[in-house]
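One structure is given here, and the rest of the page talks about it.
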Amino acid sequence: MEPGLPALSVDFKKTTTVKHTTCLLALLLPFTTQLNAQKKADRKTLGNLQTHITYLASDKLEGRRTGTPGEQLAAEYIASQMKLAGLSPAGDSGYLQTFLVSEGKLIATTSHLTINKSTLTPGEQFIPMPFSAQKSAKGDVLPDVNEPDNIWLFNVKDFEMSPHADPLEIYRQNAREAAKAGATGVIFYNGTETPKDVQKWLSIPVEPLKIPVMWVNSEISKVLDDAEDLRIDMQVDFASGRRTGTNVVGHIDNKAASTIVIGAHFDHLGHGEDHNSLSPNDQTIHHGADDNASGTAALLELARQLKASRLQQYNYLFVAFSGEELGLFGSKYFTEHSSIPPSSFNYMINMDMIGRLDPAKGLEVGGIGTSPVWPALLQQTIPASIRTTYDSSGTGPSDHTSFYLKNVPVLFFFTGTHSDYHKPSDEATKINYDGELTVLKVVYELIEKTNGMDKLAFTRTRDKQTSTSARFTVTLGIMPDYTWQKPGVKVDGVSDNKPASKAGILANDVIVELGPHTIVNLEDYMQALSGFKKGDKTTVKVRREDSEKVFDIQF
Ligand SMILES: [Zn+2]
Ligand SMILES: [Zn+2]
Numbered sequence: 005m006e007p008g009l010p011a012l013s014v015d016f017k018k019t020t021t022v023k024h025t026t027c028l029l030a031l032l033l034p035f036t037t038q039l040n041a042q043k044k045a046d047r048k049t050l051g052n053l054q055t056h057i058t059y060l061a062s063d064k065l066e067g068r069r070t071g072t073p074g075e076q077l078a079a080e081y082i083a084s085q086m087k088l089a090g091l092s093p094a095g096d097s098g099y100l101q102t103f104l105v106s107e108g109k110l111i112a113t114t115s116h117l118t119i120n121k122s123t124l125t126p127g128e129q130f131i132p133m134p135f136s137a138q139k140s141a142k143g144d145v146l147p148d149v150n151e152p153d154n155i156w157l158f159n160v161k162d163f164e165m166s167p168h169a170d171p172l173e174i175y176r177q178n179a180r181e182a183a184k185a186g187a188t189g190v191i192f193y194n195g196t197e198t199p200k201d202v203q204k205w206l207s208i209p210v211e212p213l214k215i216p217v218m219w220v221n222s223e224i225s226k227v228l229d230d231a232e233d234l235r236i237d238m239q240v241d242f243a244s245g246r247r248t249g250t251n252v253v254g255h256i257d258n259k260a261a262s263t264i265v266i267g268a269h270f271d272h273l274g275h276g277e278d279h280n281s282l283s284p285n286d287q288t289i290h291h292g293a294d295d296n297a298s299g300t301a302a303l304l305e306l307a308r309q310l311k312a313s314r315l316q317q318y319n320y321l322f323v324a325f326s327g328e329e330l331g332l333f334g335s336k337y338f339t340e341h342s343s344i345p346p347s348s349f350n351y352m353i354n355m356d357m358i359g360r361l362d363p364a365k366g367l368e369v370g371g372i373g374t375s376p377v378w379p380a381l382l383q384q385t386i387p388a389s390i391r392t393t394y395d396s397s398g399t400g401p402s403d404h405t406s407f408y409l410k411n412v413p414v415l416f417f418f419t420g421t422h423s424d425y426h427k428p429s430d431e432a433t434k435i436n437y438d439g440e441l442t443v444l445k446v447v448y449e450l451i452e453k454t455n456g457m458d459k460l461a462f463t464r465t466r467d468k469q470t471s472t473s474a475r476f477t478v479t480l481g482i483m484p485d486y487t488w489q490k491p492g493v494k495v496d497g498v499s500d501n502k503p504a505s506k507a508g509i510l511a512n513d514v515i516v517e518l519g520p521h522t523i524v525n526l527e528d529y530m531q532a533l534s535g536f537k538k539g540d541k542t543t544v545k546v547r548r549e550d551s552e553k554v555f556d557i558q559f
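FYI, the numbering for the sequence shown is 5 to 559, going by the numbering used here.
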């Protein structure tokens, strides 16, 4: 609905004379012109949004994974669009600002394992354990004979693996005992893990032992099972894995004392290599049209519109972040290294997934507790016809958190999660462009309204419970144990007065079923959770010590 539309409801029956009709036409004409202009402007915006999203989510960009050529192509596109809009570059090198993302340990090329002259493949046939020392060991080894000053072989089949035990911890304890007893190195064989499982352990930070420790796969385990004597030469070296991410930053410098920041992340999951896909067995391109080509497109469109506007009381900074999907790396770096200090930021608006506006679910706006002016301002701005859910917290699973933590008022716009979330099927053809236009207009109008206002006051809010809760309309109120390696989701803690605690779920319970869904890992859990809405009733099956318990819960 546009301002001025109600004036069209003039009562025609009373305008009986020619004179009156002429007057009315004269009155109506500017409205019609205005309406047409608005329609034209909307068509242009819709076209731009479509162009940006279609390109960013195309196969060519291969899912825009941080540190890949696809991410670089996206960054170049965003920079060129910022230039086209007339923004001045505000990165470290033109519009670009690079930062490093640490990836835990990588197996260095100097790591090796040779058994009876055959050299094995790192990462597949053998993998160093995360608690291994960076050392070498050599020896003639008899299987089943573990003696001091030699390499020890452990057949994992002989271990008593309780179903609740953390296998990594069991490996670590055995290796530690072996080191104490004089072993110069340890090799574990016949473990039930896949090489991929063991690779994942390398990102877990653990204290190193004093000896090299390796895991070997089932193929090499067979060799060790059948061998009579073995000549082993092993060496473990780690490299620290690092990737370079790129933010894109553009500026409208109105020579004002304070700056409004508008942000959206543009990175996505690539082919799911970072284990953050919800289709873990599908290694095709994760397009990320809603997450977050939608927010990036809106960012570029707002840049174009604000540059053309007369809103000049503040400066505007437009930041397209990378590294978000790996844990807000880009926005964290930006807030710590920006040439414009965060203390001069008036407020920050983050758009992450705004392309799936569904009238039934509506719009979600987070961060409204971060400034006393937000609630009233939002109510004046968002049309009553849009169903809106508000959340006060300044933190959440997206980049506004980095700004909130620097005491900047924030708002987070989000049109909700869906069944394509973090899957290859999050495609440009599924975007609700009219819906996104509606969200974009709300954001623009909000910025317009703050143009006549003083710099906003900042207020602290409560923190979000888990880093994922804002993706969902419901929460169980548990803190999952992210290091848990066994099937199910282990509960690290429960929040008071939330469905889990009300039902009687306790810390250390392992959730194995949620409603009709079997829960094997956190992804299953999150996916299952996203299918529920407030008020839904279901059951949760947990493993507690050696028994299973079923609880009735209501969201
Ligand atoms: Zn996102
Ligand atoms: Zn995401």
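Beta carbons: idealized from backbone N, C-alpha and C, even for Gly.
Here the alpha carbons of D201 and V493 stand approximately 16 Å from one another. For the 9 Å CB-CB criterion, P503 and V495 do not form a contact. Straight-line measurement puts the Cα of H426 at about 23 Å from the Cα of L304. Listed in chain order, the non-local C-beta contacts of L65 below 6 Å within the same chain comprise G74, L77, A78, local neighbours out to five positions each way being set aside. Leaving aside the five residues that flank G292 on each side, the residues in its chain whose CB is nearer than 7 Å to its CB run, in chain order, A61, G67, R68, H272, L273, D430. Excluding its 5 nearest sequence neighbours in each direction, D241 has C-beta neighbours in its own chain below 6 Å: A112, T114, S115, Q138, listed in chain order. Residue environment analysis places Q239 among the buried positions, since at least 16 neighbouring C-beta atoms fall within 10 angstroms of its C-beta. Residue V190 holds the alpha-carbon nearest to the alpha-carbon of K214 among G276, V227, V190. The closest heavy atom of ligand 2 lies 8 Å or more from the beta carbon of E527. For ligand 2, residues qualifying as neighbours are D295, E329, H426, where qualification means a beta carbon closer than 6 Å to at least one of its heavy atoms (chain order). The residue from S505, D513, V478, S551 with its alpha-carbon nearest to that of A532 is V478. In this chain, Q317 is not harboured by any alpha helix (DSSP H), its DSSP state being neither H nor E. DSSP places D229 inside the alpha helix (DSSP H), whose first and last residues are 222 to 230.
F416 and Y351 have their alpha carbons spaced roughly 11 Å apart. In the same chain as V524, and ignoring 5 residues on each side of it, the C-beta atoms closer than 6 Å to its own belong to P491, in chain order. Using a Cβ-Cβ distance cut-off of 8 Å, the stretch 210 to 228 and the stretch 39 to 53 are not in contact, since fewer than three pairs of beta carbons, one from each stretch, lie closer than that value.
About 18 Å separates the Cβ atoms of G370 and E440, ruling out a contact at the 8 Å cut-off. Bounds of the alpha helix (DSSP H) holding F407 are 404 to 408.
The C-alpha of G535 lies about 42 Å from the C-alpha of Y318. The three-state reading of DSSP puts T393 in strand, counting E and B together. Between the stretch 327 to 334 and the stretch 101 to 110, the count of C-beta pairs closer than 8 Å reaches three or more; the two stretches touch. Annotation note: the stretch 397 to 453 contains the following uninterrupted alpha helix (DSSP H) runs of length 4 or greater, listed N- to C-terminal: 404 to 408.
For T300, the enclosing alpha helix (DSSP H) stretches over residues 299 to 312.
In the DSSP assignment, the residues bridged to N354 are G267, F416. Within its own chain, the residues whose Cβ lies closer than 8 Å to the Cβ of P212, once the five positions on either side in sequence are excluded, are F135, S136, A137, Q138, listed in chain order.
For S136, the distance from the CB to the nearest heavy atom of ligand 1 is not below 8 Å. Relative to ligand 1, the beta carbon of H291 is positioned no closer than 8 Å to any heavy atom. Residue pairing by DSSP places I557 opposite T542 in a beta bridge. Each residue's CA atom was taken as its position, placing T58 and G98 some 25 Å apart. In the structure shown, S140 falls within a strand segment according to DSSP collapsed to helix, strand and coil. Taking each of E197, Q203, W205, W156 in turn and checking the Cα distance to A182, the smallest one comes out for W156. CA-to-CA, the gap between A364 and G539 works out to about 16 Å. The beta carbon of S343 sits no closer than 8 Å to any heavy atom of ligand 1. Look at D496 here: in three-state DSSP terms it is strand.
For R47, the three-state secondary structure derived from DSSP is helix. Here the stretch 443 to 460 lies against the stretch 375 to 388, with 3 or more beta-carbon pairs under 8 Å apart.
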